[in-house]
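Peer 1: So the sequence lines, in the order shown, correspond to chains A and B.
Here the working numbering is used: position 225 in the first sequence is 225, and no number is missing along the way.
Here the working numbering is used: position 277 in the second sequence is 530, and no number is missing along the way.
To start, I am sharing the structure in question, which I have written as C-alpha cells.
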Amino acid sequence: MKNAVLSAKELCKSFAHNGGQVHILQHVDFDLYEGDFTVIMGASGSGKSTLLYALSGMDRATAGEVLYNGRDIVRLRERELAKLRYTDFGFIFQQMHLVGNLTLFENVAVPGYLNKNRSASDVKKRADKLLEQMSVSHVKDHLPSQVSGGEQQRCAVARAVINSPKILFADEPTGALNRKNTTDVLNLLTELNMEGQSVLMVTHDMRAALRANRILYISDGKIIGGLDLPPYNSEDEKSRETQVNAWLTSLEW
Amino acid sequence: MEILTLLKANIKKKKGTFISIMFLMVIISAVMASLISVKDNYRNAVKAALKSEAGCDVILFFPKYALTDEMQSVLENSELVGNLKYFNFLSVDSLKKEGNDTYDNDFLQTARSGLRFYKDDLSGLESEPRTIQDGEIYVSLGHKYLYKCEVGDKFTASFGDRTYDFTLKGFVEEPIAGSSAISGGGAVISAGDFNRITEECKLFETAEKPLERIMVCINKSESYSGSPTKLARSLTLALQEKTGYISNGVFTSESEYKFTVMTSDIFINIALVFAAFLFVIVLIVMSHSIGAEIETDYAALGILKAQGFGSGKIRALFIWRYLLAQSVGIIVGCIIAVPIERAVSRICMQSTGIFPNKSLSIGKVGFLMLIILAVCMTLILIRTRKVAKISPVRAISGGREEIYFNSRLHAPISKKALSASLAFRQITSGVSRYIGVILIVGILTFFMITVNLIGNILNSKTAQVAMGMFAPNLLICSDGVSEKSIEDMEAAMNEAERIVDGREGVIEKSYLIDTKLFYEGDSIYCRMYKYPEQIPGILKGRAPRYDNEMLITEIVAEAYDLKIGDKIWLTYKENEAEFIITGIGQSTGNGGMVLAMSFEGADKLGVLHNNLMLGYVFDDLSELGDIKRELDERFGGTLQTVIYESLDDMDGVSYTSMVNAIQAFIYIFSAIFAFVVVRMVVSKAFIRERTDIGIYKAIGFGTDRLRLGFAVRFMITAFIGAALGAVLGVFASKPVLTIAFRMIGISKIFCDFTTLTIVLPVIFMGIAFFVFAFLMSGRIRKVQIRELVTE
C-alpha cells in the first residue's frame, strides 16, 4: 500500500477570457505516491501544465483542494506557500529560468540560503555536491548566459533539489534540450527517483514518459486514464515503449 | 496619421511615464516661471520707483549750513547734471517706536513731490498723494516688515530735550531708502510738524550735531552716458576740488537697486539654481526612461520596422510623446506659477519694501520654456539614435536578450544578508541603469548639504565673526538723546566695556565707530576700531597697527584694483589723509564695500568719537538680560544697550524663516523628485525583471522579501549617490555659497560642516528611496509564477 504525499480533490482552474470563463481543469482527483516517478501526459492545451502548477502551489486553483501533509495548500497564505517552495517542493521549468546575474553555484545555493534550518556552509557543501553530481561543477562560477542549455537545465535540477524537497515537480524539463542533454537530464531525474525522491513531471515526450512508474493522461482538463509500470530499467526500454505507445493509442493520443 | 494613432496608443500604454515627465515639468516650470517673474517684477518695480519723481540717479546729503551757494553752483552748472532738486529733512537724535528699542530711524522728511503712498490694505499704490495731518507719521514698507510696524503704532522723535509724538498712519514707497537692507529709512511727517520741530529744535543744533539737512536729488544729463556711480564720483570730486567740501553721504540708484533686491535675490538665485539642477535631473530621468523603453520595447520596435516604419518615424514618436508631456507640464506649471509668484512676492516685499507687479513675465518665461523644450528635444534625438540599429529580424526572433556579464564589483551572495547581497548584485550587474539615479541623488544631496550649511552659518556666531559679519548679541551705543559731552560718553562706554569684559562667555568684541569716508569721489563705509587687532574677517596681511594703516575688503580691492602695500588718500569732510593698506578682509557691511582702521586713523581724519558702538558676541545668551539691566541702571541716558538674540533681530529680516523656507523647499522637492524618479525607475526595472521575480517566487522568495530587496537596492543606490553628493558638498558647497554670498560682502565662507549637515541629507535620501521603492514595488504581488510557463 503506497502512501499519498499529495492529493488533489475536485480540483478546478478557470481563466477569464473574452468576457467568459475557460475551464482548464475540471474536477480533477489525483494522488501522488511517495517515491513514485509520475508523469502527466496530454496534448497541447489539455491542462497538464496548469495541473502541475496548481498541485505545486505555484498557482492557485479556482476550486477544490490540494492536500499536502494534511493541509490544503490552495488555502495557504502567500508567505506559507513561499516557505513550502523552499522546504518541501522543488520545481524545474522547461526554460530553465535561472537568474541571469547569479552564477550557477549561486543559482543553486540561494534557495538553500532561504532555509533557516540549514547553515550557510551546509548549503555551500550541498550545492557543490549537487553540481558535481549534475556534472556542471567545472562551470559553477559561470553565469547562465555563458553555459549551454543542457548545463543550465542540469543546474536547474540541482537548484530544485538543494533543499531535499519531498516532491520534485518538473514542467517539460527536456522541452528545450537536444537529444544528448535530454538523456542526461532524464538520467539525473531517474537517479534522484531511485534514491527515493518523489517526482511529478509533465511531458509530451515519449522518451521522458518511459522513465515513470506511473503515467496519467489528461484531456480537456480531466484525467482520463492511468498506466502503472514497473520501475525504470534501461534494458527493458523497448518493451516499455511498446506498452506505453499502445496505451496512448487507446486514448487517441 | 499612422503616427497619431501610434502616439495615442503609446501615451495610453505608457501613461505612467507620460504623467511622471509631465509632473516633473509642472514643478520645474512652476518654480522657474514664478521666481523669474518675481525677480523681474522687483527689478522693474525698483527701477520704476527710482526713475519716478521721488527717485533720482544720485543723492548727495549735506548739513543745511554746509551747502553753500558756491557748492550749489558747482552742482547746478555741471554739464553732467540734467536736473536737480533740493529736499529738506531733519536729522533727529532718535526716532523710536513705542516698545521697540531696536527701531532705527533718525531721518524725518515731509512728503516730497512724487512720493507715493500705499493703500491701507497694501494692495497697491494710491493714485493721489495723501494729505498728512499733524501728529501723523508714515514709514517705508521696508520698515513695516523690518520693525513690524502697524498702523496706529506710536513713535517718539527726540532732539535735545524735546520729544514729539506721532501715530503711524500708513506706508510710503521710499525708493531711496525703503528697503530693509537700508535701515536709514526716512519717515514722513506733515509740513506743519516739520516746520515746528525745525523751529523749536534749532537751539540744540551744533556743527557736530546738525538738525537741518538737505538731500540733493540729481538726475544725469541726457548727454552723459556714464553710470550713476561715476556721476556721483565726478560730482563729489568736483565739489572737493572747487569748494574743499564733499558731502556727508552719497546714494546712487545703482547702490539703491543693489541693496533693495539684495536679500531677496540671494534666496531667489539659490532657488533658481536648484530649479536648474532639477531640470538636469529631469533630463537624466528622460534619458534613462528612453533608454529603458528602447530596451524593453525592442521587439515591438523591430516589428514596427518590419511593417515599414522607418527610424525617423519611430524617433518622431518618441519626440512627440515626450514633448507633449513636457508641454502639458509647462502649461500647468505656468498656471500654478501665478499664485506662487504672488506668495513669493509677498515674502520678498519684507526685504525690498517695494510693491511689485504681480504677474508672470510672459516674454522671459516663454523664452525660457522654449529653451527647455529645445534642450529636451536635443536629448531625445541623441538618445533615440540607437533606434536605427534595431533589426526587424532580431526583434521578431525574440528581441534583445537580457545578457549579464561578470563584474569586478560583484560581491558574494551571503545567507546572512541575502536581500542586501542580491540587491547589490542587481546594481553591479547593470551599473549603467543606476548611474542616472546615482547622479540625481548626488545633485539633490549636494543641495541639501549646501542649504544646511547656510543654516549653520546663521546659527554659528563663530562663523559669522570669522566672515566679518557684525552681528553682536549685545550692542552698547551712545544714546542720541544724551546731553553728555563726547568725552563723558566715551568714558561711560569704556566703563561699560570693563563691566562686560568681566563676564564669562564672550566670543568676540568689537569697539568701533561707523562712518563714511570718500575715496576717489566714492562714498565708502568705514569701521574704525579701538582694538584693530580684533578686526574680524582678515583674509590676507594683518590688521592696521598705526594711524596711517588701514584694511580693505576683497570687494573693495577688486573694485579699485588695490593690494596690500598700496597707499591711498581718504577724505572725511574737509580732511584728507594718506593710508597704507596692510591687509585684506571681508565684511557684510554695505555689501562688502568696507574699509577698516584704528581709532588713531579716525583721529587723523578728524572723525569724532560721538557714534561709538561696542558689540559683544556671547556663546551663552542666558545672562544678557542681567547685563543689560546692570548697564541700563548705571549708564541709562548716556548709553543704550540692546540685545539681539539672532541675526533676525539684528536686521529685522527673518533670515531664519527664509533659510527654513528654502530648506523646506529643497527637502520637499528632493523628496518629490525622489518619489517620481523611483516610480519611473522601479516601473522600468519591474518590466525588465518580471521573469526574475517569477523565478525568485518559484524558488521560495515571498513578496515581502522581494519588495525588501527592491527597496534595499534603491537604498544602496541612493547611499552611493548621496555619498557622491556629500563629497561634492564638502568640496563645492562653500565655493557655490561664496558666489551667492558675495552680494552681501562675503568673499570667503568660514563654516564647518557638522556631522548632521552631511549625514542628515544622506539618511534622508536613503530612507526616501527605501520607502518609495518599497511602496512602488507593491506590484510584485501581482506577478504569477505561471507567467514562466512556456506552452
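Ideal Cβ positions, reconstructed from N, Cα and C, are used throughout, including at glycine.
1. Ordered along the chain, which non-local residues of its own chain (more than five positions away) have a Cβ less than 7 Å from that of Gly836 of chain B?
2. DSSP beta-bridge partners for Gln362 of chain B?
3. Assuming Ser731 of chain B and Leu884 of chain B make a contact with CB atoms under 8 Å, what is their CB distance in whole Å?
4. Output the distance between the C-alpha atoms of Val989 of chain B and Leu770 of chain B, rounded to the nearest integer angstrom.
5. Who are the neighbours of Lys140 of chain A on chain B, taking C-beta pairs under 8 Å?
6. Anything in chain A within Cβ reach of Ser682 of chain B, meaning under 7 Å, just list it in chain order.
7. In whole angstroms, what is the alpha-carbon distance linking Tyr778 of chain B and Ile680 of chain B?
8. Measuring only between beta-carbons, confirm whether Asp945 of chain B sits less than 8 Å from chain A.
9. Can you pull out the residues from the region 504–529 of chain B whose beta carbon lies closer than 8 Å to at least one beta carbon of chain A?
10. My output table needs one value for Gly226 of chain A: the three-state DSSP class, helix, strand or coil.
11. Using a C-beta to C-beta distance shorter than 8 Å, which residues of chain B count as neighbours of Val110 of chain A?
12. Could you compute how far the alpha carbon of Phe562 of chain B sits from the alpha carbon of Ala578 of chain B?
13. Kindly indicate the opening and closing residues of the beta strand (DSSP E) around Cys629 of chain B.
14. For the ligand FMN, any of its heavy atoms closer than 7 Å to the Cβ of Arg211 of chain A?
15. Could you give the DSSP three-state label for Gly20 of chain A: helix, strand or coil?
16. Helix, strand or coil, according to DSSP, for Met201 of chain A in the structure here?
17. Does the CB of Val74 of chain A have a neighbour CB from chain B at under 8 Å?
18. What is the DSSP secondary structure of Asn828 of chain B, reduced to helix, strand or coil?
19. Assuming Tyr232 of chain A is part of the beta strand (DSSP E), what are its boundary residues?
20. What number of angstroms, rounded off, separates the C-alpha of Asn297 of chain B from the C-alpha of Asn747 of chain B?
21. Out of B:Val759, B:Ser580, B:His862 and B:Ala670, which one is the CA nearest neighbour of Thr768 of chain B?
22. Quick one: does Glu65 of chain A have its CB under 8 Å from some CB of chain B?
23. Does Lys1035 of chain B come out as helix, strand or coil in the three-state DSSP assignment?
24. Go ahead and label Gly905 of chain B buried or exposed: buried means 16 or more other beta carbons lie within 10 angstroms of its beta carbon, across all protein chains shown.
25. Answer yes or no: do Leu189 of chain A and Val244 of chain A have a C-beta to C-beta separation smaller than 8 Å?
26. Nearest to Leu233 of chain B by alpha carbon, out of B:Ala855, B:Ser273 and B:Pro789?
27. Taking Cβ positions only, does Arg1032 of chain B come closer than 8 Å to chain A?
28. Let me make sure I understand the geometry here. Which of B:Val311, B:Lys462, B:Tyr417 and B:Asp800 has the alpha-carbon closest to that of Val453 of chain B?
29. Apply the 10 Å Cβ neighbour rule to Thr242 of chain A and answer buried if 16 or more other Cβ atoms are within range, or exposed otherwise.
30. Report yes if the C-beta distance between Glu10 of chain A and Asp31 of chain A is below 8 Å; otherwise report no.
31. Pick helix, strand or coil for Gly905 of chain B, following the three-state DSSP scheme.
32. The alpha helix (DSSP H) with Leu706 of chain B in it runs from where to where?
33. How is the alpha helix (DSSP H) around Ala63 of chain A delimited, first residue to last?
34. Does chain B have any CB closer than 8 Å to the CB of Asn82 of chain A?
35. What beta strand (DSSP E) runs, 3 residues minimum, are completely inside the region 499–545 of chain B?
36. Taking its Cβ as the centre, do 16 or more other Cβ atoms sit within 10 Å of Met194 of chain A, making it buried, or is it exposed?
Peer 2: Quick answer:
1. Ile791, Lys793, Gly794, Arg795, Ala796, Leu804 and Ile817
2. B:Phe342 and B:Val441
3. That pair is no contact at about 13 Å.
4. 32 Å
5. By Cβ distance, chain B contributes nothing, its closest Cβ being about 13 Å from Lys140 of chain A, past 8 Å.
6. Asn101
7. 58 Å
8. yes
9. none
10. strand
11. Ile666, Leu671, Leu675 and Ile952
12. 23 Å
13. Element bounds for Cys629 of chain B: not the beta strand (DSSP E) but the alpha helix (DSSP H), Ile615 to Arg636.
14. Only the bare structure without any ligand can be found here, which leaves the ligand FMN out of the picture.
15. strand
16. strand
17. no
18. strand
19. First-last for Tyr232 of chain A: undefined, no H or E at that position.
20. 48 Å
21. B:His862
22. no
23. helix
24. Low local confidence applies: a pLDDT of 49 at Gly905 of chain B is under 50, so the model's placement there is unreliable, and no value is given.
25. no
26. The question about residue 233 of chain B has no answer here: the residues shown for chain B are numbered 254 through 1044.
27. no
28. According to the sequence shown, residue 453 of chain B is Glu rather than Val. Looking at the Cα atoms, B:Tyr417 is the closest of the given residues.
29. exposed
30. no
31. Unreliable placement is indicated for Gly905 of chain B, whose pLDDT of 49 sits below 50; the coordinate value is still reported in the next sentence. Looking at Gly905 of chain B - three-state DSSP - the assignment turns out to be coil, as it is neither helix nor strand.
32. Val684 to Asn712
33. Ala63 of chain A -> not in any alpha helix (DSSP H); beta strand (DSSP E) instead, spanning Ala63 to Tyr68.
34. Reading off the sequence, residue 82 of chain A comes out as Ala, not Asn. It does; some Cβ of chain B falls within 8 Å.
35. 502–505
36. exposed
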